[in-house]
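A.B. asks: Every letter in the sequence shown is one number past the one before it in our numbering, and letter 29, counting from 1, is 93. For every residue, glycine included, the Cβ atom is placed at its ideal position computed from N, Cα and C. Only a predicted model underlies this, so the values are computations on that prediction, with no experimental measurement involved. Here's a structure for you.
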Amino acid sequence: MAFADRLRPGAAEAVAAFQKQGKEVHLISGDVAGAVGDLAGRLGIVQWQAEALPADKAALIAELAAQGRKVLMVGDGLNDTAALASAHASISPASALDAARAASDIVLLGTDLSPVAEAVRVAVKARRRIKENFAISLLYNVVAVPIAIVGLATPLAAALAMSLSSITVSLNALRLK
């Protein structure tokens with residue numbers, strides 16, 4: 065009789081999406097090497113570690129962060145909480161233990177992991193929009209404030225320019241969808 069761990073729904077899709085985006089995927093587990101190696105093989109994960117203690121998981125995240133990498137940790141167990149808390153961002157499914165959910169930045173509503181890669185993709189786009197909006201605001205202030213200080217702008221023109229700046233930033237943010 066052979067036993068094998070079932071993949072969490074969406075795990076294969078999430079790993080494939082990360083790899084397609086050029087992201088490095090690690091699997092670190094407290095389970096025995098045979099089970100972890102089999103799981104890594106089914107998911108196409110090259111870098112994996114078995115029989116890891118909670119401190120080992122947190123140490124891997126610290127090591128990757130020291131190399132300048134931004135680490136996303138996905139976990140669901142009590143032994144994942146230190147790593148979830150120390151990662152740049154962390155995600156747990158709704159079925160995770162309370163401690164893991166409390167340590168996570170995001171809790172998925174279901175058990176399906178396929179939204180994880182989409183969440184990262186949206187976060188990258190959102191960060192880009194935020195930077196663009198800061199640039200738009202900075203440009204507005206560099207141009208508008210000196211004009212207002214010298215008295216070349218009427219209150220109506222200043223109000224319209226400020227409204228236009230706010231509308232521009234809002235419309236740029238809406239491009240996220």
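With burial defined as no fewer than 16 other Cβ atoms inside 10 Å of the residue's Cβ, what is the status of D140: buried or exposed?
C.D. replies: The residue in question, D140, is buried, as its Cβ has 16 or more Cβ neighbours within 10 Å.
A.B. asks: Suppose you measure from the CA of I231 to the CA of S93; what does that come to, to the nearest Å?
C.D. replies: In a straight line, the C-alpha of I231 is about 48 Å away from that of S93.
A.B. asks: Expressed to the nearest angstrom, what Euclidean distance is found between the alpha-carbon atoms of G243 and K195?
C.D. replies: Only positions 65 to 241 of the chain appear in this structure, which leaves residue 243 out of reach.
A.B. asks: Quick check on this structure: which residue in L71, I109, I125 and L240 has the alpha carbon closest to the alpha carbon of A80?
C.D. replies: Comparing Cα positions, the closest option is I109.
A.B. asks: Apply the 10 Å Cβ neighbour rule to A146 and answer buried if 16 or more other Cβ atoms are within range, or exposed otherwise.
C.D. replies: The residue is buried, with at least 16 neighbouring Cβ atoms inside 10 Å.
A.B. asks: Ignore the nearest five residues each way along the sequence and tell me which others in N143's own chain have a CB closer than 6 Å to its CB.
C.D. replies: For N143, where only same-chain residues beyond five positions count, the Cβ hits under 6 Å are G94 and P118.
A.B. asks: Using beta-carbon positions only, say whether I170 and S150 come within less than 9 Å of one another.
C.D. replies: For I170 and S150, no; Cβs fall outside 9 Å.
A.B. asks: Could you say which of M137, A129 and V96 lies nearest to A183 if we only look at CA atoms?
C.D. replies: Nearest of M137, A129 and V96 to A183, Cα basis: M137.
A.B. asks: Whole angstroms is fine: what's the gap from G215's alpha carbon to M226's?
C.D. replies: Each residue's alpha carbon lies about 16 Å from the other.
A.B. asks: Thinking C-alpha only, which one of R185, A237 and A116 is nearest V84?
C.D. replies: According to the sequence as given, residue 84 is Lys; it is not Val. The shortest C-alpha separation from K84 is found at R185.
A.B. asks: Would you report the Cα separation of V247 and L238, rounded to the nearest angstrom?
C.D. replies: Residue 247 is absent from the structure shown; the chain starts at 65 and stops at 241.
A.B. asks: Between the beta-carbon of V233 and the beta-carbon of N205, is there less than 9 Å?
C.D. replies: Result no, Cβ atoms of V233 and N205 do not sit closer than 9 Å.
A.B. asks: Using three-state DSSP, classify S154 as helix, strand or coil.
C.D. replies: DSSP places S154 in strand when its eight states are reduced to three.
A.B. asks: Report, in whole angstroms, the separation of the C-beta atoms of L148 and A190, which I expect to be a contact under 8 Å.
C.D. replies: No, L148 and A190 are not in contact; Cβ-Cβ is about 21 Å, not under 8 Å.
A.B. asks: Helix, strand or coil: how does DSSP classify V96 here?
C.D. replies: Three-state result, V96: coil.
A.B. asks: Relative to the C-alpha of E88, which candidate in S178, A75, Q111 and E77 has its C-alpha closest?
C.D. replies: Residue Q111 is the option with its Cα nearest to E88.
A.B. asks: What number of angstroms, rounded off, separates the C-alpha of A181 from the C-alpha of P210?
C.D. replies: Answer to the nearest angstrom: the Cα atoms are 44 Å apart.
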